[in-house]
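Student: Submitted below is the structure of interest, expressed as structure tokens.
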Amino acid sequence: MNPLARLLEAALFASNRPVPVDELAALDPEASPATVVAALGEIRDTYQANGHGVELVELGDGWQVLTRPEYTDAIERAQLAARPHRLSGAALETLAIIAYRQPIGRAEIEEIRGVNCGAILKSLHERALIDVTGRGEGMGRPLLYGTTPLFLEQFALRHLEELPRADELAVTLRAEPRAI
Amino acid sequence: MNPLARLLEAALFASNRPVPVDELAALDPEASPATVVAALGEIRDTYQANGHGVELVELGDGWQVLTRPEYTDAIERAQLAARPHRLSGAALETLAIIAYRQPIGRAEIEEIRGVNCGAILKSLHERALIDVTGRGEGMGRPLLYGTTPLFLEQFALRHLEELPRADELAVTLRAEPRAI
Amino acid sequence: MTAPANLGDPFVVELQQFEGPLDLLLSLIRDEQVDIYDIPIARIAEQFLARIQTLAIDQAAEYLEMAARLLRIKAQLLLPRNQDDEAWEDPRAELVRRLLEYQQVREISDHLGRMAEDRRSRFARAWLPQQAVEPPPAPLALSLGELLSAVDRVLRMAREPHLHDVVPRPLDVDGFIGTIRAILALRAHARWYDVIRPSAESWEVLSALLALLELARRGELRLRQATPFGSMVITRESTGQAA
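Chains as they are written, first to last, in this note's numbering: chain A, 2 to 181; chain B, 2 to 181; chain C, 35 to 277.
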């Protein structure tokens with residue numbers, strides 16, 4: 002591909018939206034709308050001639066590179082059939098704290114883990130492993146979290162009492178929250 | 002390009018982060034990691050031979066299509082995309098220490114750098130370049146830090162072993178300072 | 035890193051280009067072209083003190099701590115010693131080790147800086163038109179064993195509520211006496227936070243306090259507090275000894 006076509010391909014790839022011809026022309030002081038259109042044609046032909054998985058299309062008022070529709074389906078199917086996802090160590094730790102200490106607020110979880118847990122709580126909630134079960138007392142009435150029926154199902158438990166009890170847990174995790 | 006290479010190209014274009022080989026292999030039930038790696042090679046060669054504005058690189062724990070560096074300035078000038086902020090020297094030093102000594106606590110990092118690192122650790126943690134990986138022994142059970150997969154990704158490293166080894170550094174640290 | 039030659043200009047601006055006292059020290063060693071294994075402490079300490087004349091307050095403690103250490107090493111080197119004393123340890127040894135270690139860190143961070151620069155100059159796909167049809171998350175693979183080992187990790191991570199052993203930390207009053215003298219050698223007045231960094235541990239706070247009281251007793255400085263709980267002003271006494 003010629004130098005202008007390469008530059009346009011890079012710009013279309015990096016842009017967070019479809020790009021109109023006049024903005025593409027601004028990339029190179031020597032380019033005109035006509036040379037840009039010609040270069041876009043070269044990109045489109047290259048994608049077609051060499052059998053690529055992507056194509057160049059003009060939609061609305063701009064140009065964009067899109068994956069070809071037949072592969073979009075394959076990608077979606079593959080994601081559905083993807084290997085089961087493993088929770089990260091941090092997510093498992095947060096889940097463990099909630100399972101043993103529910104209902105429990107975010108501040109208390111963060112106190113135990115020593116780090117911010119906002120993103121992890123959000124993702125566990127999206128995966129329906131935890132849910133909001135109430136609001137605590139005190140400043141701002143914090144949200145309290147507990148585990149869901151799906152949590153039991155995932156761990157093949159009938160009820161929470163089936164979780165193994167470690168005596169140590171009684172001390173550290175079942176301890177009453179500190180009075181504030 | 003062969004059908005598997007097209008499918009992989011489409012999948013790589015559909016992602017804005019590196020995709021591991023096993024995830025790519027899951028796209029096609031008949032693909033194996035070996036055929037995927039061969040197809041990735043074909044994509045990379047096609048980009049090079051036909052003069053594209055993008056290239057296929059291996060980084061983090063996967064493969065990613067990225068724009069070629071020579072187009073960055075023009076794309077940024079045209080305001081189609083912006084480079085992320087550069088990390089400060091202090092942040093780079095702190096990351097260097099954590100990358101080599103992980104898991105490591107704050108006191109030890111401060112001992113090596115000779116300055117307070119609290120604010121920098123907080124900001125590196127917020128940028129998800131480091132994470133808490135445990136707690137150390139001793140007084141106050143200090144938090145221990147390690148680097149994240151995003152760290153590799155943002156430094157275009159495939160794995161930690163790509164960092165220079167101690168014996169490749171100009172200053173090789175002797176266990177004992179030379180007798181004077 | 036070219037030092038500004040303007041003599042009327044304080045060094046504050048210049049110090050901001052250093053990442054800390056070790057960085058400044060390494061740069062002095064480079065500028066003076068001296069052997070890192072045989073540092074002429076007296077000369078380097080003098081240069082170091084000259085450079086930190088006008089410190090921004092928030093950096094003071096770390097640089098002054100290093101100044102005090104250099105002066106202490108200088109004093110130790112002046113002590114007479116027996117030529118064939120096998121047990122003699124060069125007082126510079128620990129400093130040399132730290133400088134070498136820090137120099138290694140600098141090298142690695144330069145390397146990381148280059149790698150980051152390389153990655154920064156390439157853009158990833160910014161616009162993903164397929165985002166609208168984001169597939170549901172993949173199924174989860176979870177086992178009770180994993181959950182329990184997470185519990186175990188949490189237990190190991192959690193702060194133990196009441197099982198702290200109280201370990202007596204040795205106080206370093208002499209060290210702080212050195213620091214305070216170094217500060218008062220540079221200026222007539224100082225405040226508490228010039229002596230100790232805000233995040234100091236309690237043994238450091240105690241050491242600093244004892245050092246201040248000791249120096250006040252010896253007549254080297256005067257302590258004044260205008261209001262109860264007000265900030266403490268440390269003033270050099272004219273008879274005070276210079277560091």
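We put the beta carbon where it would ideally sit given N, CA and C, even for glycine. Source: prediction; values computed, not measured.
Among the residues of its own chain, which have a CB less than 8 angstroms from the CB of L5(B), if the five just before and after it don't count?
Tutor: Excluding positions up to five away in sequence, the list reads D29, A32, T36, V37, A40.
Student: Among V22(A), Y48(A), A12(A), M2(A), whose alpha-carbon lies nearest the alpha-carbon of A11(B)?
Tutor: A11(B) has its Cα closest to that of Y48(A), out of V22(A), Y48(A), A12(A), M2(A).
Student: F82(C) touches chain A at which residues, Cβ-Cβ below 9 angstroms?
Tutor: The contacting residues do not exist; F82(C) stays about 37 angstroms from chain A at best.
Student: By how many angstroms is the C-alpha of V139(C) removed from the C-alpha of R69(A)?
Tutor: So the two alpha carbons sit approximately 47 angstroms from each other.
Student: Between E177(A) and L125(A), what straight-line distance do the alpha-carbon atoms span, to the nearest angstrom?
Tutor: In this predicted model, E177(A) has a pLDDT of only 44, less than 50, meaning its place in the structure is not dependable; the value taken from the coordinates is given anyway. The alpha-carbon atoms of E177(A) and L125(A) are separated by roughly 24 angstroms.
Student: Decide if the stretch 86-94 of chain B is in contact with the stretch 117-134 of chain B; the criterion is three or more beta carbon pairs, one per stretch, under 8 angstroms apart.
Tutor: Short answer: they touch.
Student: Starting from W64(B) and walking both ways along the beta strand (DSSP E), at which residues does that stretch end?
Tutor: From DSSP, the beta strand (DSSP E) with W64(B) extends over 63-68.
Student: If I follow the unbroken alpha helix (DSSP H) through I75(C), where does it start and stop?
Tutor: It spans 75-85 - the alpha helix (DSSP H) in which I75(C) sits, taken as one unbroken run.
Student: Starting from Y146(B), find everything on chain A with Cβ-Cβ shorter than 8 angstroms and list it in chain order.
Tutor: Those within 8 angstroms of Y146(B) in chain A number zero; the least Cβ separation is about 10 angstroms.
Student: I'd like the list of long-range same chain contacts for L130(A), defined as Cβ closer than 8 angstroms, with 5 residues on each side in sequence excluded.
Tutor: Only L96, T148, T149, L151, F152, Q155 meet the Cβ criterion.
Student: Identify whether Q155(A) lies in helix, strand or coil by the three-state DSSP scheme.
Tutor: Q155(A): helix per DSSP, three-state reduction.
Student: Going by beta carbon distance, what residues of the same chain come within less than 6 angstroms of G63(A), once the five residues before and after it are set aside?
Tutor: Closer than 6 angstroms at the Cβ level, and outside the excluded window around G63(A), lie P19, V20, P21.
Student: Please list the residues of the stretch 72-91 of chain B that have a C-beta atom closer than 7 angstroms to any C-beta atom in chain A, keeping them in chain order.
Tutor: Listed by position, the residues of the stretch 72-91 of chain B near chain A (Cβ gap below 7 angstroms) are Y72, A75, I76, A79, L81, A82.
Student: Could you give the distance in angstroms between the alpha-carbon of L56(C) and the alpha-carbon of E66(C)?
Tutor: Going from the Cα of L56(C) to the Cα of E66(C) covers about 15 angstroms.
Student: Return the bridge partner residues of G52(B) from the DSSP annotation.
Tutor: G52(B) pairs with nothing; no bridge assigned.
Student: T95(B) by DSSP, collapsed to three states: which one?
Tutor: Here T95(B) sits in helix by DSSP.
Student: Please list the residues of the stretch 96-110 of chain A that have a C-beta atom closer than 9 angstroms to any C-beta atom in chain C, keeping them in chain order.
Tutor: Of all residues in the stretch 96-110 of chain A, L96, A97, I98, A100, Y101 have a Cβ within less than 9 angstroms of some Cβ in chain C.
Student: Look at the Cβ atom of L158(B), then the Cβ atom of L57(B), and state whether they are nearer than 8 angstroms.
Tutor: Cβ distance not < 8 angstroms, so L158(B) and L57(B) don't count as in contact.
Student: By a C-beta neighbour count over all protein chains shown, 10 Å radius and 16 as the cutoff for buried, is A100(B) buried or exposed?
Tutor: Result: buried.
Student: Please classify V133(B): does DSSP put it in a helix, a strand, or coil?
Tutor: Note: V133(B) maps to strand in three-state DSSP.
Student: Along the chain, where does the beta strand (DSSP E) that runs through I286(C) open and close?
Tutor: Chain C is shown from 35 up to 277; residue 286(C) falls before or after that span and cannot be answered.
Student: If we cut at 8 angstroms on Cβ distances, does E151(C) have a partner in chain D?
Tutor: Any reference to chain D falls outside this structure, whose protein chains are A, B and C.
Student: Identify the contact partners of L5(A) in chain C, using a Cβ-Cβ distance below 9 angstroms as the criterion.
Tutor: Result: empty, since nearest Cβ-Cβ is about 18 angstroms, beyond 9 angstroms.
Student: Just grab the DSSP bridge partners of L224(C) for me.
Tutor: The question names Leu, yet the displayed sequence has Ala at residue 224(C). Answer is I268(C), bridged to A224(C).
Student: Would you list the one or two residues that DSSP bridges to L60(A)?
Tutor: Paired residues: G63(A).
Student: Bridge partners for L257(C) per DSSP, in chain order?
Tutor: According to DSSP, which records beta bridges pairwise, L257(C) is partnered with I268(C).
Student: Which class does L182(A) belong to by DSSP, given the choice of helix, strand or coil?
Tutor: Missing from the structure shown is residue 182(A); chain A here goes from 2 to 181 and no further.
Student: Kindly indicate which three-state DSSP category I105(B) falls into: helix, strand or coil?
Tutor: Here I105(B) sits in strand by DSSP.
Student: Can you give the beta carbon distance from G212(C) to A102(C), rounded, assuming they're within the 8 angstroms contact cut?
Tutor: Confirmed, about 4 angstroms.
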